[in-house]
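Okay, structure first, notes after.
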Amino acid sequence: MDKDIRTITVKELNDYVKSILENDQIINNVWIRGEISNLKHAMSGHYYFTLKDDDASISVALFKTYANNLNMKLKDGQEVLIKGKVSIYQKTGSYQLYAQAIEDIGLGNIYLQIEKLKQKLQKEGIFDSKHKKCIPVRVERIGIVTSSKGAVIHDIRKVVNKRNPFVELIIYPVTVQGETAPEEIKRGIEILNKYGAVDVLIVGRGGGSLEDLMAFNDERVIRAIFNSSIPVISAIGHETDTTLCDYVADVRGATPSQAAEIATISLSDNFIWLKNRLKGNYVRLSRIINEYYLNLDLKLEKFKAFSGKKDILKDKLRVNIIGLERNFWRLMEINQRNLRHQGEKLHLLSPLALLTKGFSIVYDEKKNIVTDIDKVNIGDRVNIRLTNGRINCLVEGKENIDGKR
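For reference, each letter of the sequence shown is one residue, going 2 to 406 in this note's numbering.
In structure tokens, the structure reads:
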């Protein structure tokens, strides 16, 4: 044997084959139709059986976690439609189907309809990742399109209140199964988009059978989610429940609780986000300030180049200031001299100044100035104002300047 030949162990081979199978997108989420045979129900709660058709067979394992979600009883000879993934059982090297959901074959036509619609929408590019919108970092209002009954709203509210109690929930109640459900769900998405009252939408229900989830495989609902300008998180019950809504939604939440976690940022994370935002603003502001100082330095350098001219302008400015000061004080002196002169003139015209020259002022009893002897009568009392006081007098007679009495 050539010593240069590279050898591997059986386990390495099986591990390698397993990784290939589990990374294959086609057989990692596949629907297979066949007949159950060799059915075994283990004490652990797991089911093991063979799925066969006329030409081939494959071993199937249905673990207890998924078996608990069955809404039917398995039996040999039963035709079923199985959803699952293909992998390898490493100990024996045999590959098998790991079932995640099983439906009676009577539902086969429904699956065919869903698959036909899925292929149609895929060709249109509706499921393409390039159309996916990002969930906002800071969400203040969450719109919820779901039934007003059941645990969905309770589960979402519980998670949101725990992570960030300041987030407001806007609930648009709809019927989530039955004939009217697709139109109601579509309408709810459109109304919340029309009024723009929320930052993100959660669309979903609390799980169920294939028939229960058909509203979320309806083309009207799919297109409403695709046309939504608000990011949409799908939340269709349990982790094993997958609908076409999950493909078109911007993000899939396996459960309503997980959808609430995706939609909200915790207060501690929100604090970190704000801190980083503030730090980023500080960096940008520092850069602007540095650029401003750099620009200022350049202008100062240009200004220094004219320092000689600056000194000349400075001397001229000093001379002008001295001239202004001199003119100011000269004008002040002239104004003061004029004021004194006008004050002297006013003093000469003052009645009090006339009293110093021997003149007096006569008032009648009503304190009116007497300027005419006809204004008083004999017997009236008058008051004479002099420089340093007053004289009260009684009129005993009066005589005109021409001597008439």
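Idealized CB from N, CA, C, for every residue including glycine.
Measure the Cβ-Cβ separation of residue 474 and residue 265 and say whether it is below 7 Å.
-> The chain is shown from 2 up to 406; residue 474 falls before or after that span and cannot be answered.
Starting from residue 393, trace the beta strand (DSSP E) both ways and give me its first and last residue.
-> The continuous beta strand (DSSP E) containing residue 393 extends over residues 391-395.
Compare the Cα-Cα distances from residue 99 to each of 154, 22, 73 and 159 and report the closest residue.
-> Of 154, 22, 73 and 159, the residue nearest in Cα terms is 22.
Proximal residues to residue 28 (C-beta, below 7 Å), its chain only, five neighbours per side dropped | For residue 28, the CB contacts under 7 Å within the same chain, skipping 5 residues up- and downstream, are 22, 86 and 87 in chain order.
Give every residue of the same chain whose Cβ lies closer than 6 Å to the Cβ of residue 144, excluding the five residues on either side of it in the sequence, and list them in chain order.
-> Exclusion of the five residues before and after residue 144 leaves 171, 193, 199 and 202 as the residues of its chain whose Cβ lies within less than 6 Å of its Cβ.
When 219, 390, 382 and 80 are compared against residue 121, the one with the closest alpha-carbon = When 219, 390, 382 and 80 are compared, the shortest CA-CA separation from residue 121 is found for 219.
Thinking C-alpha only, which one of 156, 197 and 221 is nearest residue 181?
-> Ranking 156, 197 and 221 by Cα distance to residue 181 puts 221 first.
When the distance is taken between beta carbons, is residue 211 closer than 7 Å to residue 104?
-> Against a cut-off of 7 Å, the Cβ pair of residue 211 and residue 104 comes out as a contact.
Helix, strand or coil at residue 250 according to DSSP, with G and I counted as helix = Note: residue 250 maps to coil in three-state DSSP.
Beta-carbon proximity of residue 396 to residue 379, cut-off 7 Å = Yes, these two residues count as a Cβ contact at 7 Å.
Mind checking whether residue 62 and residue 114 have CB atoms under 7 Å apart?
-> It is not a contact, given that the beta carbons lie outside the stated cut-off.
Residue 186 versus residue 291: straight-line alpha-carbon distance, rounded = C-alpha separation (whole angstroms): 54 Å.
Measure the C-alpha to C-alpha separation of residue 56 and residue 141 and round it to an integer number of angstroms.
-> Cα-Cα distance, rounded: 58 Å.
Whole-angstrom C-beta distance between residue 190 and residue 146, which should lie under 8 Å = With a Cβ gap of about 6 Å, residue 146 and residue 190 count as contacting.
Smallest Cα separation from residue 228: which of 251, 178, 341 and 237?
-> When each option's Cα is compared against that of residue 228, the closest is 251.
7 Å CB neighbourhood of residue 39 in its chain, flanking five on each side removed = Cβ-Cβ distances below 7 Å link residue 39 to 50 and 51 in the same chain, with the five nearest sequence neighbours on each side left out; the list follows chain order.
Residue 61 - DSSP class collapsed to helix/strand/coil | Note: residue 61 maps to strand in three-state DSSP.
Simplified DSSP assignment, three categories, for residue 259 | Of the three classes helix, strand and coil, the one that applies to residue 259 here is helix, per DSSP.
Could you tell me which residues DSSP puts in a beta bridge with residue 102?
-> The partner list for residue 102 (beta bridge, DSSP) reads 84.
Tell me whether residue 121 counts as near the ligand GDP, meaning its Cβ is closer than 6 Å to at least one heavy atom of that ligand.
-> Absence of the ligand GDP is noted for the structure shown, with no ligands found whatsoever.
Please determine, among 90, 133, 325 and 34, the residue with the shortest C-alpha to C-alpha distance to residue 13.
-> For the residues 90, 133, 325 and 34, the minimum Cα distance to residue 13 belongs to 90.
Residue nearest to residue 70 in terms of C-alpha spacing, selected from 80, 48, 24 and 367 = Comparing Cα positions, the closest option is 48.
For the beta strand (DSSP E) holding residue 223, just list the boundary residues, first then last.
-> If you look at residue 223, you'll find it isn't in any beta strand (DSSP E); it sits in the alpha helix (DSSP H) that goes 220-228.
Measuring alpha carbon to alpha carbon, tell me which of 77, 64 and 35 ends up nearest residue 83.
-> When only C-alpha atoms are compared, the closest one is 35.
Compare the Cα-Cα distances from residue 93 to each of 25, 152 and 18 and report the closest residue.
-> When only C-alpha atoms are compared, the closest one is 18.
Residue 129: which of 161, 248, 95 and 32 sits nearest, CA to CA?
-> Residue nearest to residue 129 within the set 161, 248, 95 and 32 is 248 (criterion: CA-CA distance).
In terms of residue numbering, what span does the alpha helix (DSSP H) encompassing residue 193 cover?
-> Counting along the chain, the alpha helix (DSSP H) containing residue 193 begins and ends at 182-196.
For residue 226 versus residue 233, is the C-beta distance shorter than 7 Å?
-> With contacts defined as CB atoms closer than 7 Å, residue 226 and residue 233 qualify as a contacting pair.
Cβ-based neighbour list, residue 335, same chain, cut-off 7 Å, excluding 5 preceding and 5 following = Nothing listed; no residue qualifies.
Ignore the nearest five residues each way along the sequence and tell me which others in residue 236's own chain have a CB closer than 6 Å to its CB.
-> Setting aside the 5 residues that flank it on each side, residue 236 is surrounded in the same chain by 203, 205, 254, 257 and 260, each with a C-beta closer than 6 Å to its C-beta; the list follows chain order.
Name the one or two DSSP bridge partners that residue 363 has.
-> Residue 363 pairs with 385.
Helix, strand or coil for residue 212, going by three-state DSSP, please let me know.
-> The answer is coil: DSSP assigns residue 212 none of H, G, I, E or B.
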